[in-house]
Amino acid sequence: MSGISGPKRKKPARENRDRFETVLRPASRPSNFFPDSVVMKKKYRISVIPGDGIGPEIAEEGIRAADASAKRLGFDLDFDYFPIGGSHYLKTGELLEDSVLDSLSGSDAIYLGAIGTPEVKPGILEKEILLKLRFSLDQYINLRPAKLYKGVETPLKDKGPDDIDFVVIRENTEGMYSGAGGFLKRGTEDEVALQESISTRRGTERCVRHAFEFCRKRPPGKRKLTLCGKTNVLTYAFDLWDRVFNEVAGEFPDVETDYMHVDATCMWMVKNPETFDVILTDNMFGDIITDLAAMIQGGMGVAAGANIHPGGVSMFEPIGGSAPKYAGKQMANPVGAVLAAAMMLDELGESRAASLIESAVARALAGDFAGAGAGKMGMSTRGAGDVIVNYINTLE
Numbered sequence: 001m002s003g004i005s006g007p008k009r010k011k012p013a014r015e016n017r018d019r020f021e022t023v024l025r026p027a028s029r030p031s032n033f034f035p036d037s038v039v040m041k042k043k044y045r046i047s048v049i050p051g052d053g054i055g056p057e058i059a060e061e062g063i064r065a066a067d068a069s070a071k072r073l074g075f076d077l078d079f080d081y082f083p084i085g086g087s088h089y090l091k092t093g094e095l096l097e098d099s100v101l102d103s104l105s106g107s108d109a110i111y112l113g114a115i116g117t118p119e120v121k122p123g124i125l126e127k128e129i130l131l132k133l134r135f136s137l138d139q140y141i142n143l144r145p146a147k148l149y150k151g152v153e154t155p156l157k158d159k160g161p162d163d164i165d166f167v168v169i170r171e172n173t174e175g176m177y178s179g180a181g182g183f184l185k186r187g188t189e190d191e192v193a194l195q196e197s198i199s200t201r202r203g204t205e206r207c208v209r210h211a212f213e214f215c216r217k218r219p220p221g222k223r224k225l226t227l228c229g230k231t232n233v234l235t236y237a238f239d240l241w242d243r244v245f246n247e248v249a250g251e252f253p254d255v256e257t258d259y260m261h262v263d264a265t266c267m268w269m270v271k272n273p274e275t276f277d278v279i280l281t282d283n284m285f286g287d288i289i290t291d292l293a294a295m296i297q298g299g300m301g302v303a304a305g306a307n308i309h310p311g312g313v314s315m316f317e318p319i320g321g322s323a324p325k326y327a328g329k330q331m332a333n334p335v336g337a338v339l340a341a342a343m344m345l346d347e348l349g350e351s352r353a354a355s356l357i358e359s360a361v362a363r364a365l366a367g368d369f370a371g372a373g374a375g376k377m378g379m380s381t382r383g384a385g386d387v388i389v390n391y392i393n394t395l396e
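Numbering (the UniProt record's numbering), first residue to last: 1 to 396.
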């Protein structure tokens, strides 16, 4: 999948895992010629969290796309559904039980619709579900492609698909989101709130190294890695980032490197997005700039992302959120969810299936969608999924 795939993980052996299914086919040679009579069909177990709001609607279209590509290319996807999210919490009081986490950790990948409902106080679902998943499964890479497809409008004047095609790699388990901090004299006039950023050499280096490996696999003419930080103010955390970045860069002479402050990154992303190929940054800065990246690629509805543990269990999702005002109305754009499914297959090693899905999405956006915004596609969520699946089934 051009521009999206990263270094392929090595799947760990799992107990009681039926990875391959024996499939008989007519033999063109004598019946005793066993190798030509049998193929081994790959099978992947996908844990699905439909979630809240529009999550179930758009996730269903991503699943349909993934399943169609799997059937066409000869492998199987088994989907296990888990009722995790705000609605489930309001009904049962359960967030992410340890037994459920154990089941999720035994899958090949996790596919998420969206988590969030206005009836639950902010921070509860994020901390006890999303962050718990991320930290428990050590998904230390957040991968966010920002690609403008033909037929999709961008708010940037005089910019087109050739200008907006970059990837943000965000460190996903440290920094300001580590959960370190507290209060002193809470509730008094002398109250102090502390929120600490934690960066370790191990955590920084593994993210930096992954970014260089990813960048090396980008198409010829790209392969430029920009470190985004704030070395002039965050003189401890980004001193570490800067030193590690330059140390690892010596091992990758074929990758061009650059540094840019986060405020300058935002400015250039709007002014000249073609400046960027791969952007590497920390947890909080990455959280901020990826939403900006999503908007210049056409909006949240077409943006996808992944929380990756190379060699472990990764999670893939559209990044538009639960959008409760559109829930149940079949108005949401499922493209972000479909592209998240493509990223999932790519990470599993099924790059042909991922490319097939991306090609189908590109064809649909260029020729069938009236627009990319919710309610502006000229068709329903299911109708958009139908168009994409039809291309998956028919594209050469």
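Think of the CB as a built atom: it goes at the ideal place given N, C-alpha and C, for glycine as much as any other residue. Note that the structure is predicted; figures quoted are calculated from it, not measured.
Please classify residue i as buried or exposed, where buried requires at least 16 neighbouring CB atoms within 10 angstroms.
i	result
THR117	buried
GLN139	buried
ASN393	exposed
PHE183	exposed
GLU57	buried
PRO253	exposed
PRO220	exposed
THR226	buried
PRO155	exposed
ASP263	exposed
LYS325	exposed
THR381	buried
ILE124	exposed
SER31	Confidence at SER31 is low in this model, with a pLDDT of 44, below 50, so its placement is unreliable and the value that follows should be read with caution. So SER31 counts as exposed.
THR200	exposed
LEU90	exposed
Have a look at residue i and residue j and give me their C-alpha separation to the nearest angstrom.
i	j	result
LEU101	LYS159	43 angstroms
GLU191	LYS185	5 angstroms
THR231	VAL244	13 angstroms
ALA374	VAL361	16 angstroms
ARG363	TYR391	8 angstroms
ALA353	GLY62	13 angstroms
GLY53	ALA114	7 angstroms
VAL302	ALA337	8 angstroms
SER28	LEU73	Note that SER28 scores a pLDDT of 44, beneath 50, so its modelled location is shaky; the value from the coordinates is reported in the next line. Rounded to the nearest angstrom, the two C-alpha atoms are 21 angstroms apart.
TYR236	GLY385	47 angstroms
SER99	GLY106	11 angstroms
LEU356	GLY298	21 angstroms
GLN195	ALA68	46 angstroms
residue 406	GLY328	This structure gives no information on residue 406, because the portion of the chain shown stretches from 1 to 396.
MET40	VAL278	37 angstroms
LYS376	SER351	31 angstroms
residue 454	PHE75	The structure shown does not extend to residue 454, since the chain spans only 1 to 396, so no value can be given for it.
THR173	ILE308	11 angstroms
GLY181	VAL387	49 angstroms
residue 397	LYS42	There is simply no residue 397 to check, as the chain begins at 1 and stops at 396 in what is shown.
ALA146	GLU274	11 angstroms
GLY179	LEU395	47 angstroms
ASN283	SER197	10 angstroms
VAL313	SER47	10 angstroms
VAL208	ALA323	33 angstroms
PRO161	LEU95	40 angstroms
PHE285	GLU213	21 angstroms
Provide the residue span of the beta strand (DSSP E) that contains residue i, from first to last.
i	result
LYS147	141-147
GLY116	Here GLY116 belongs to no beta strand (DSSP E), and DSSP marks it neither H nor E.
GLY181	181-184
ASP102	Looking at the DSSP string, ASP102 is not in any beta strand (DSSP E); the run it does join, the alpha helix (DSSP H), is 98-105.
So residue i is in the alpha helix (DSSP H); what residue range does that whole segment cover?
i	result
ASN393	381-394
HIS261	That residue, HIS261, is in no alpha helix (DSSP H); its beta strand (DSSP E) goes 256-261.
PHE82	It is not in any alpha helix (DSSP H) - PHE82 carries neither H nor E in the DSSP assignment.
GLY305	Element bounds for GLY305: not the alpha helix (DSSP H) but the beta strand (DSSP E), 304-308.
VAL152	It is not in any alpha helix (DSSP H) - VAL152 carries neither H nor E in the DSSP assignment.
Step through the CB atoms of chain C and report whether any lies within less than 9 angstroms of the CB of residue i.
i	result
GLY179	Going by chain labels, chain C is absent from the structure shown, which holds only one protein chain.
Inset, instruction - Assess, as a yes-or-no matter, whether the segment 259-275 is touched by the segment 111-127 under the definition of 3 or more beta carbon pairs within less than 8 angstroms. - result: no
Inset, instruction - Evaluate the contact criterion for the segment 201-211 versus the segment 314-322: three or more CB pairs, one atom per stretch, below 8 angstroms. - result: no
Inset, instruction - Return the chain-ordered ranges of every alpha helix (DSSP H) run that is complete within the segment 203-250 and spans a minimum of 4 residues. - result: 237-249
Legend entry - Three CB pairs or more closer than 8 angstroms across the segment 125-137 and the segment 320-335: no
Inset, instruction - Evaluate contact between the segment 76-87 and the segment 284-291, counting only Cβ atoms and requiring at least three cross-stretch pairs below 8 angstroms. - result: No, they do not touch.
Inset, instruction - Would you mind listing the beta strand (DSSP E) stretches within the segment 260-329 that are 3+ residues and don't spill past its ends, in chain order? - result: 278-281, 304-308 and 314-318
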